[in-house]
Structures are given as C-alpha cells and as structure tokens.
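Residues 2 to 177 (this note's numbering) are what the sequence shown spells out, left to right. Beneath this line is the structure, given in structure tokens, with notes to follow.
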Amino acid sequence: PAQDKLGLMYEHGTGVAKNWREAAKWYLMAAEKEFADAEYHLGVIYGNGEGFPVDNRESVKWCRKAAEHGQPEAQATLGRIYTVGLDGVPKNLEEAAKWLRMAADHGDAEAQFDLGLLFEHGDGLPQDLEEAARYYSLSAAQGHTKAQWGVKRINMTLGRHSISLEPLPDEDDWQF
C-alpha cells in the first residue's frame, strides 16, 4: 500500500514534483506484489499514455489483474473497454457484461447504467427489460441522469405508468 500511495503522490504532485515515470515505477513495485489498486493505477497510466506511449494491451493486462483481484474501478474500466473495443483489444460484449456486473454489484453507478443498457438491448447477454430496469434504478438512485431516463423508458415500454401529483396545466399554459 505504501508503494501505491507513493505512486499516487508522484502522479498528482502531492508533496513531490509530478513525475509519471516515477509514479509508474512505484505502481509497478506494488503491482508485482499483486496489490490491486496499484495494478489498476498502472493500467490507467498505460491506457492514458501518461509518461509513456498509449499501450492498450498493457493497460488491459494490468486492469484485468486488478479486476481479478476484486478492484471495482478496474472491473468497471475493463467492462467499458470490452463494450467498445480498443486498438489491440477486440470488442467483446459477453466479457463486458461479466466485468460490468461485478462492478455494478459493488455499487458503481456508471457500471450499473452500462449493464442496464446491455440488458435493454440484449448485447452480450439475453435481453431482459426487468433486469435493465433494476440496474437503471440502482444507478438512478445514485443520481445518474441517463439512468433515470432509462427507468422511464423501460417503464413506458412495459406499460407501467406513474401517477403525477402535479396538476395539469391550464389550457392557456399548453405549448404546441
């Protein structure tokens, strides 16, 4: 943990001069000891090309290690990577669904929304509007605006309507 913390300090310039290569050095030391947060941080550095050329394969390698060690941010990132594919990393919606579900079950609002989309459209897993609504609802409860619209869309599709407590506007207030 201390090596990862030192990597964070170099990455953000906290108490030391900002230095991506030094950050990567400390992350690598911790990652080689299977410290999941450091594995994830190293994956992000390779994916963003901070201090190094972008290397998507190396990024996915480290994010996968972190995700396999239970790091929720890595699980979400890996799921998003497989949702779209990257140069050197093929799109794989089944793999995306697997990792997004893990992150969603850890409470990641963005992963919950992304998983809702996969369920809604039947991408990478069987279409299931009830599951889509469930994951959208979890995400919406955390304030995710697009998930709130997803819940409304699913409810309309399934014929579930809510009763509004707001009075209808006067005819003069209607705009066409």
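Note that CB positions come from ideal geometry on N, CA and C, so glycine has one too. No experiment lies behind these values; they were computed from the predicted model shown.
Counting pairs of Cβ atoms below 8 Å between the region 86-93 and the region 114-124, do you hit three or more? Not touching, per the Cβ criterion.
Relative to the alpha-carbon of G125, which residue among A97, Q143, D106 and E111 has its alpha-carbon at the smallest distance? A97
For Y41 versus E74, is the C-beta distance shorter than 8 Å? The beta carbons of Y41 and E74 sit closer together than 8 Å.
Please determine, among R22, D115 and D106, the residue with the shortest C-alpha to C-alpha distance to I82. D115
Y136: which of G108, G160 and T158 sits nearest, CA to CA? The shortest C-alpha separation from Y136 is found at G108.
N-terminal and C-terminal residue of the alpha helix (DSSP H) that A104 is part of: L94 to D106
If I measure Cβ to Cβ from E132 and keep anything under 7 Å in the same chain, skipping five residues before and after, which residues do I get? F120
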